[in-house]
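Okay, structure first, notes after.
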Amino acid sequence: MDYVKPTIEYAELSPLLIVLAVACLGVIVEAFLPRERRHVVQSTLAGVGVLAALGATIAVGLNLDPAGADGAGQGLVGAEGSIVVDGPTIYLWGLVLVFALGGVALFAERKLEAGVSAFAGQAAALPGTDAEREASTKGLAHTEVYPLVMFAVAGMLLFPASGDLLTMFVALEVLSLPLYLLCGLARRRRLLSQEAAMKYFLLGAFSSGFFLYGLALVYGYAGSMDLAAINEAVVNGADNEILLILGIALLSVGLLFKVGAVPFQAWTPDVYQGAPTAVTAFMSAGTKVAAFGAMLRLFYVGFGADRWDWQPMLWVVAILTMLVGAVVAIAQTDVKRMLAYSAIAHTGFLITGVLGLQSAGELADGQITSLQAVLFYLTSYGVASLGAFALVTVVRDANGESSSFVRWTGLGKRSPLVAGLFAFFLLSMAGIPLTAGFVGKWAVFTVAMSAGAWPVVLVAIASSIIAVYFYVRFIRLMYFTDPEPCVEVAEVTTASPLTGLTIAVCAAATLFLGVVPGPVLDLAVHAGDFIR
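Residue numbers (the working numbering): -1 to 530.
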């Protein structure tokens, strides 16, 4: 048999290739450059790499060709069918890279920790040992966090662009493994950080195993791992449908774990609390975008014709996720854990948008699709979440970063600007009008209602009301509650321009998306549909 040379569309895949190249170059820098020079070089390399990938993404997006039988999509199926570069892929890539840029800026912050980073000086040193104290005294820093985050970004770019299940599994692992490491590298509260990393790793390994088993079952059903071929098998009604149903269920475990949906949400509060807050900020925004992008492609492209089998499952998951996230958040006394349960509730809202899948003939003129609604919601939640966690890094006491509620009491009087910005992000997450969150919730609720999922929308509205309570309660704590005399309160520490700029951009984007959502909604509409 003659060997056929594979064709790789290097220009269209350039954003992904740039990020991978920067990650590999970061490993080389870490190996050969003196330690005292690595921080500046690594942070600059990561920042420039993300900007270059973002520029390449814009260039690719402006030159996509129409595709698909009905012309509703644009782009191409590249890398021998394993990577799909279409409109939604470009939108998701841009979103991931914007959040990655904010994450790199928070990673590079050193002013808050008196000249050192928030990451441990030496990961191999046990907490409380002489080796750890020596590493801290010398001001050592883990500059390998930059190539790690670039590998995670590469996985986030590949995950929603995967054209077959095997590529999707590889992307899942490339995305997850660096995050497991990053979660355990906090300079302060090392044991809590390492515990979070271990929980994340163990549960993530189990979920990856479920995903791989589901992949095998779907392959047994369709005879192919390609999403387009799987769709053909579903449309033609291949035998052994039980394999398909079991495969969808097991694949869903892996995806629902990554987004933190019930009943796979147990890792979320512990990891969000224990990980370095810069990692939490990046992970809360970027991972959700990548995982929901992959979920949309898998369910819409591969299993869209079988939606009557998987939609009832997502109904139950969405309802439980919204209720658990909103109700349990009320009992929290730590800001990062409250935001973690808030993230769980928002996962439920996003799944509500996923349920809005309808055929083109069922859509009214001018009505946005479920894909466009979810893309906008990912944008609005991502900027609010990134900004909120960035603000958490600047509120500190004598022991460093402070996230306990009692430490934040009366913050509005001590630092009106920080408290006001944090309250603004919370109001956006609550879905208050004139914020991005309001438009996002309106979009996903509308598409779910039009698709007949009104019971889920009713639960979503009830969960939103519950969420308003604990958001407003925390705002009241900052502005209208006096601290107890015997309790040490937290103060706001001046951060470097990197953190300040990240917070300012997130606040501006949250306001802009709430007041003038049209341009971003038009961008989501222009992205078109998935192609296969």
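A virtual CB, placed ideally from N, CA and C, is assigned to each residue, including glycine. Since this is a predicted model, take the numbers as computed values, not measurements.
- It is roughly 7 Å from the alpha-carbon of L389 to the alpha-carbon of F420.
- Between V393 and V490, the beta carbon gap of about 6 Å places them in contact (Cβ cut-off 8 Å).
- When the Cα atoms are used, I246 and E171 turn out to be separated by approximately 19 Å.
- For D307, the enclosing alpha helix (DSSP H) has its first and last residue at R305 to A327.
- In the DSSP assignment, I81 forms a beta bridge with G76 and S160.
- If you look at D268, you'll find it in the alpha helix (DSSP H) that goes W265 to G272.
- Considering only W452, F472 and F422, the residue with the shortest C-alpha distance to A506 is F422.
- The criterion of a C-beta distance shorter than 8 Å is satisfied by L353 and A446.
- Looking at F387, I473 and L373, the one whose alpha-carbon comes closest to that of T407 is I473.
- With three or more CB-CB distances shorter than 8 Å, the segment 257 to 267 counts as touching the segment 336 to 346.
- The Cβ atoms of V17 and G47 sit closer than 8 Å to each other.
- Non-local C-beta neighbours of H524 in its own chain, meaning closer than 8 Å and more than five positions away in sequence, comprise G85, ordered along the chain.
- Going by DSSP, V216 is part of the alpha helix (DSSP H) stretching over R188 to A220.
- Per DSSP, D520 is not a residue of any beta strand (DSSP E); the alpha helix (DSSP H) it occupies stretches across G516 to A525.
- Under the DSSP assignment, R335 falls in the alpha helix (DSSP H) whose first and last residues are V333 to V352.
- Within its own chain, the residues whose Cβ lies closer than 7 Å to the Cβ of L475, once the five positions on either side in sequence are excluded, are F403, W406 and T407, listed in chain order.
- Counting along the chain, no alpha helix (DSSP H) covers R530, and no H or E run does either.
- Per DSSP, the continuous beta strand (DSSP E) segment holding R394 begins and ends at V393 to D395.
- In the three-state DSSP reduction, E107 falls in the coil class, being neither helix nor strand.
- Annotation: the continuous alpha helix (DSSP H) that includes K286 extends over T275 to R295.
- When beta bridges are read from the DSSP output, D224 appears opposite D162.
- Proximity of the segment 215 to 224 to the segment 279 to 286 falls short of the contact definition, fewer than three beta-carbon pairs being nearer than 8 Å.
- Going by DSSP, L14 is part of the alpha helix (DSSP H) stretching over S12 to F30.
- Look at E239 here: in three-state DSSP terms it is helix.
- Here the segment 450 to 457 does not lie against the segment 365 to 384, with fewer than 3 beta-carbon pairs under 8 Å apart.
- In summary, F436 is buried, with 16 or more beta-carbon neighbours lying within 10 Å of its beta-carbon over all protein chains present.
- Beyond the five residues adjoining it in sequence on each side, I349 comes within less than 7 Å, by CB distance, of A259, L312, V315, A316 and T319 in the same chain, given in chain order.
- For Y379, the number of other beta carbons within 10 angstroms of its own is at least 16, and it is reported as buried.
- Going by C-alpha positions, L215 is about 15 Å away from L296.
- Taking C-beta separations shorter than 6 Å and ignoring five residues to either side along the sequence, the partners of L183 in its chain run F117, A118, A121 and H140, following chain order.
- Contact annotation: A292 and F157 have beta-carbon atoms nearer than 8 Å.
- Comparing alpha-carbon positions, the option among L110, Y1, L52 and G418 lying closest to P495 turns out to be L110.
- Just measuring C-alpha positions, the residue of W265, E482 and V518 sitting nearest A434 is V518.
- Distance from M148 to A279 at the Cβ level is roughly 16 Å; contact not present, criterion being Cβ atoms closer than 8 Å.
- Secondary structure at P414: helix, using DSSP grouped into helix, strand and coil.
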